[in-house]
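Residue numbers for the sequence shown follow the numbering used here, beginning at 67 and rising by one.
Input: a single structure, listed below in structure tokens.
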Amino acid sequence: MNILLIHGPNLQLLGKRQPEIYGRQTLADINSHLREIASQRDVELKVLQSNHEGEIVTAIGDNIDWAHGILINPAAYTHTSVAIRDALSAVNLPVIEIHLSNIYAREPFRHHSYVSPVAVGIIGGFGAYSYDLALDAMVHILREKT
Ligand code: DQA
């Protein structure tokens, strides 16, 4: 089972970036914890972080034949990117949208997501634990399918 995990812009700053909102764990902490869970679940996890919309679009398309599912925290692109949404629709794989914070409890401009309509589900508001929940949810979805 191959799962692609994409972190969007500014998430490389986790740990230092507004810790009262995003927590104190770094991206490296989160990724290494997820890699551990993935190996326990017999999952191949490919992880990338990018601050560039086009790079994320390309990575989604490039993994069309590798990934069985996509976990994505599109970060600010959640609220702006038709291109990322189209790429996710194009590959036609199960997608789970992740957020550290509860975007609906924040500023109104964060209440709209271009990605949610093409996701199987959305997990947000649990800090780094949102990623753990999303990984388990994806494993569950993919096991049900096979
Ligand atoms: C975020 C929420 C977005 O609104 C914001 O732009 C981010 C992070 C989250 O994980 O809570 O960069 O996706």
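Note that beta-carbon positions come from the ideal geometry of N, C-alpha and C, so glycine has one too.
Cβ shell of residue i (< 8 Å), same chain only, five flanking positions each side left out
i: T146; result: Y180
i: Q115; result: I72, H73, G74, L77, Q78 and L93
i: H165; result: N139, T144, I188, I189, G190, G191 and S196
i: H177; result: I169 and Y170
i: V157; result: I126, G127, N129, I130, A133 and I136
i: A200; result: L137, I162, I164 and I189
Per-residue DSSP class, three states only, for residue i
i: I130; result: coil
i: L71; result: strand
i: V184; result: helix
Residues of its chain near residue i, where Cβ-Cβ distance is below 7 Å and the 5 sequence neighbours each way are ignored
i: G135; result: I69, L159, P160, M204, I207 and L208
i: S155; result: V184
i: D95; result: none
Check whether residue i and residue j have beta carbons under 7 Å apart
i: S167; j: I87; result: yes
i: G89; j: A194; result: yes
i: P140; j: I130; result: no
i: N97; j: V113; result: yes
Unbroken alpha helix (DSSP H) run spanning residue i, endpoints
i: V148; result: V148 to V157
Residue span of the beta strand (DSSP E) that contains residue i, given as start and end
i: E173; result: Premise fails: E173 is in no beta strand (DSSP E) and is neither H nor E.
Sequence-distant residues of its chain with Cβ nearer than 6 Å to residue i (five each side left out)
i: M67; result: V109, H134 and L208
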